[in-house]
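So for the sequence shown, this note's numbering puts the first residue at 32; every next one is plus one. The block underneath contains the structure these notes are about, expressed in structure tokens.
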Amino acid sequence: MSSPNSAPPTALSAGVRAVRAVGRVSGSVEVPGDKSITHRAVMFNALADGVATVRGAGLGGDCLSTADAMRTLGAQVQRCWPTGALTDDLRRDPETGADVREDAVLIVRGAGESGLSEPIDVIDAGNSGTTARLLSGVLAAQPFFSVLTGDESLRSRPMGRVITPLRSMGARIEARARGSLLPLAVAPAALRGIRYQLPVASAQLKSALILAGVFADGETVIESPEASRDHTERLLAAQGVDVTTDGSGLAVCVRPTGRALKAVDVTVPGDISSAAFWLVAACIHPNARVTVRNVGVNPSRTGIIDALRAMGATIAVANERSIGGEPVADLTASSARLRGIGIGGAIVPRLVDELPILAIAAAVAEGATTVSDAAELRVKESDRIATVAKGLEALGVHVTERPDGMIIAGSGQIGGGEVSSHGDHRIAMAFAIGGLVASTAVTIEGAAAVGISYPAFWPTLAQIAPGSLREH
Ligand code: S3P
């Protein structure tokens, strides 16, 4: 469906950048608004009764996909510019025409009591797993027909894990490859609550079922093998939904209230998954100190800090505060001698998106790092076990792949070479950071993929490591 915000389909494999080592890495930066929280602030307020303001929204390609999807379903999502102008195009400054992603204030007018409306075309979630999974739970409970698809990467990612429990709630969903892949078609249905044990500790799956549970008849209880990010639970509770968790975060219970969700203003903290690149850059570089201000430090997301500290890093957490129900802090990292560690078990969902950049830290560390219990990496935007291993091997690092992880033989140094992002934003950014310490330049093919979560990544790299970046 055409929209002012959608990216051209080939964009993720475009662009080449070369990064080379420089003498100093330093600075104080902010990162884009948290992607997980932005998705939820836009999607849940689009369901709500009233108008909400979302400040500090991340405007990477994934969050634009959610905004487009919710518009297709009848909600209004606009950007409010400092002049007071309101635009449907969330990126382009109406006065200068420039693509401006920072400091975004979004105004979301929810569908409310009258409900979402039947989309007249296919909903395109683009590259965004969060949009596709969460929206499946919403669509399953609607009294209308809808079709959901995504880009080539998303169309190869598992949807059966969402469709199976939704069907047992009464959803009528058909999907490609015997119900396991997008596109999927959803027919009107009335849902009933279930008790369900998630096969994987996935916040996307958990959130899809919580959302379906909001509109179902009776109570829905979801149990997870490990705790995962809880942004859905926090925001829905603020919107008046009866959602409760046990202390461990392993079980969630949602009961329908019969009332529409309340519109709630959200101030989005900086994304710790984006901050992770600068933290690792500072840790692995011999002459570095970087502060990332205003970062979300929800404990379900801070595994990166715990893992880096276990490797010997010095990371200071300062100015801790709570903004809109989410903990926020300023993080400072500086040069350290890192050593290899084991990463597995309950920490994995707390750093799942940071494993590519942690793999770079592991390669530069002394000794082996073993990643286990992370089979989920194989079904992210790329097979991140394979794409990390391939990239590191191109830089002369020995990696042993395992079905659920990898062993990285850290030797204190990495070489230069050519690496493909495989259209995966976090792979592109991880290897760019590797370039800051490599013996010769690291060239990244598919550099434009960073726009999925961090459109300003390359200019920020040039800012904290002047002279490191070459455009081809
Ligand atoms: C996300 C959950 C994680 C994460 C993804 C964002 C979310 O996926 O990898 O980038 O916002 O709920 P899984 O739930 O599939 O682990």
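Each residue gets a CB set at the ideal place from its N, CA and C atoms; glycine is no exception. The model shown is predicted, which means the values in this text are computed figures rather than measured ones.
Determine whether the beta carbon atoms of GLY334 and ARG381 lie at a separation below 8 Å. yes
For the stretch 436 to 470, which segments carrying the alpha helix (DSSP H) assignment without a break, of at least 4 residues, lie completely within its bounds, in sequence order? 456 to 466
Flag THR162 as yes when its Cβ comes closer than 7 Å to any non-hydrogen atom of the ligand S3P, and as no otherwise. no
Do SER259 and the ligand S3P come close, with the Cβ less than 7 Å from some heavy atom? yes
In three-state terms, what does DSSP make of GLY327? strand
Count the CB pairs spanning the stretch 164 to 184 and the stretch 136 to 149 that are closer than 8 Å, and state whether there are at least three. yes
Kindly indicate which three-state DSSP category PRO40 falls into: helix, strand or coil? For PRO40, the pLDDT reaches just 44, beneath the cut-off of 50, and the residue's location in the model is therefore unreliable, although a value from the coordinates is still provided. If DSSP states are grouped into helix, strand and coil, PRO40 belongs with coil.
Under 7 Å: does the beta carbon of HIS70 sit that close to some heavy atom of the ligand S3P? yes
For ALA306 and HIS453, the rounded distance between their alpha carbons: 22 Å
Tell me whether GLU407 counts as near the ligand S3P, meaning its Cβ is closer than 7 Å to at least one heavy atom of that ligand. yes
Tell me GLN107's beta-bridge partners as DSSP assigns them. ARG140
C-beta contact flag for VAL419 and ALA392 at 8 Å: no
Please determine if the stretch 487 to 503 and the stretch 40 to 52 are in contact, where contact requires at least 3 C-beta pairs separated by less than 8 Å. yes
Those residues which DSSP pairs with GLN228 across a bridge: GLU254
For GLY81, tell me which candidate among CYS111, ARG140, GLY465 has the shortest Cα-Cα distance. ARG140
Would you check if the distance between the CB atom of MET101 and the CB atom of ALA79 is smaller than 8 Å? no
For ARG192, which three-state DSSP category applies? helix
Does at least one heavy atom of the ligand S3P sit under 7 Å from the Cβ of ASP384? yes
Please classify ASN329: is it buried, with 16 or more other beta-carbons within 10 angstroms of its beta-carbon, or exposed? buried
Out of SER59, LYS66, GLY115, GLY249, point me to the one whose CA is closest to SER96's CA. LYS66
GLY477 at chain B interface by Cβ criterion, 8 Å: Annotation note: the requested chain B is absent from the structure, which comprises a single protein chain.
TRP489 versus ALA417 - alpha carbon distance: 24 Å
Nonlocal neighbours in the same chain, by C-beta distance under 6 Å from VAL274, ignoring five residues either side: GLU264, LEU267, ALA268, VAL285
Determine the direct distance from the alpha carbon of LEU170 to that of GLY466, and round the result to whole angstroms. 43 Å
For the ligand S3P, is there any heavy atom lying closer than 7 Å to the beta carbon of LYS421? no
Terminal residues of the continuous beta strand (DSSP E) containing LEU185? Careful: LEU185 lies outside any beta strand (DSSP E) and carries neither H nor E.
DSSP state of GLU133 mapped onto helix, strand, coil: coil
From the DSSP secondary-structure annotation, give me the bridge partner or partners of VAL85. LEU137, VAL297
Rounded C-alpha distance that separates VAL272 from ALA461: 38 Å
DSSP state of VAL272 mapped onto helix, strand, coil: coil
Using a threshold of 7 Å, is the CB atom of GLN235 nearer than that to any non-hydrogen atom of the ligand S3P? yes
Three-state secondary structure assigned by DSSP to GLY398: strand
Which residues in the same chain as GLY46 place their Cβ atom closer than 6 Å to its Cβ, once the five residues preceding and following it in sequence are excluded? ALA478, ALA479
Is there at least one non-hydrogen atom of the ligand S3P closer than 7 Å to the beta-carbon of SER470? no
Alpha carbon to alpha carbon, how far is SER331 from THR474? 33 Å
What is the DSSP secondary structure of ALA247, reduced to helix, strand or coil? coil
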